[in-house]
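From first to last, the protein sequence lines are chains A and B.
Per our numbering, the very first residue in the first sequence carries number 155; after that it's consecutive.
Per our numbering, the very first residue in the second sequence carries number 83; after that it's consecutive.
Each residue gets a CB set at the ideal place from its N, CA and C atoms; glycine is no exception.
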Amino acid sequence: SQTIHQWPATLVQPVGSPLSLECTVEGTSNPNLYWYRQAAGRGLQLLFYSVGIGQISSEVPQNLSASRPQDRQFILSSKKLLLSDSGFYLCASQGLAGTDTQYFGPGTRLTVL
Amino acid sequence: AQKVTQAQTEISVVEKEDVTLDCVYETRDTTYYLFWYKQPPSGELVFLIRRNSFDEQNEISGRYSWNFQKSTSSFNFTITASQVVDSAVYFCALSTPSTGANSKLTFGKGITLSVRP
Numbered sequence: 155s156q157t158i159h160q161w162p163a164t165l166v167q168p169v170g171s172p173l174s175l176e177c178t179v180e181g182t183s184n185p186n187l188y189w190y191r192q193a194a195g196r197g198l199q200l201l202f203y204s205v206g207i208g209q210i211s212s213e214v215p216q217n218l219s220a221s222r223p224q225d226r227q228f229i230l231s232s233k234k235l236l237l238s239d240s241g242f243y244l245c246a247s248q249g250l251a252g253t254d255t256q257y258f259g260p261g262t263r264l265t266v267l
Numbered sequence: 083a084q085k086v087t088q089a090q091t092e093i094s095v096v097e098k099e100d101v102t103l104d105c106v107y108e109t110r111d112t113t114y115y116l117f118w119y120k121q122p123p124s125g126e127l128v129f130l131i132r133r134n135s136f137d138e139q140n141e142i143s144g145r146y147s148w149n150f151q152k153s154t155s156s157f158n159f160t161i162t163a164s165q166v167v168d169s170a171v172y173f174c175a176l177s178t179p180s181t182g183a184n185s186k187l188t189f190g191k192g193i194t195l196s197v198r199p
């Protein structure tokens, strides 16, 4: 079965600072990978997804970017954080075919001050 | 377009009560997949169940049961004899092949369940 790791678990950053969140996956090869954001008290918003190394699709125009340098590594970045970037960031992995279940990591709670 | 509606936003019950969480979905696809996830206070989304559109059999797993009815486009989740540990936010989700090979999930807004001792 898949195991999804995310770090850091929590992060407090000042406005205008850079961001790098990392997600790594074990137990599967060539997964589809996803980044979601959950604002406080709200639902899940899909930010990016990737079907392979170097292949990134953005769902919502924003201050963030994603990269996939390795098969099982997915990175979420920003050059300059905004207050509105605060939230809970979840990485998900979907193995085998695209109809497989998405499994989620433990999440990173980001607070931008 | 796909849509998932969880009309209940917050439910509060006393321990040992049964509780049903409603989920209504919309899709034009004949092939689709339905999911329930649990999000405890720690934040991680825990996968509970997946059901494909061709399998209308209800499922029971311990105290959890799911009722899938295509006629009403519903996929309801019942917890029997609720426990405090069931307190969480529960999300219903839908995916279809038409959303692409990556099969993106459409989530409902979630239901916050509080089980009081």
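The residues Val95, Glu97, Ser164, Gln165, Val166, Asp168, Ser169, in chain order, have a CB closer than 7 Å to that of B:Val197 in the same chain once the five nearest residues on each side in sequence are set aside. By the Cβ test, the region 162-172 of chain A is in contact with the region 232-247 of chain A, since at least three Cβ pairs between them sit closer than 8 Å. B:Thr112 has its alpha-carbon roughly 27 Å from the corresponding atom of A:Trp189.
Sequence-distant partners of A:Ser183 (beyond 5 residues in either direction) whose C-beta falls short of 7 Å from its own C-beta, in its chain, are Asp225. With a threshold of 8 Å between beta carbons, B:Phe136 makes no contact with chain A. Listed along the chain, the chain A residues whose CB falls inside 7 Å of the CB of B:Glu97 amount to none; the nearest CB is some 25 Å away. The region 172-210 of chain A is shown to contain no whole alpha helix (DSSP H) run of 4 or more residues. Taking C-beta atoms as the reference points, B:Thr102 and B:Asn158 count as a pair closer than 8 Å. Ranking B:Ser185, B:Thr160, B:Ile193 by CA distance to the CA of B:Glu99 puts B:Thr160 first.
By alpha-carbon distance to B:Thr194, the top candidate from B:Glu92, B:Glu108, B:Trp118, B:Lys186 is B:Glu92. Residue state for B:Val96 is assigned as strand, using DSSP reduced to three classes.
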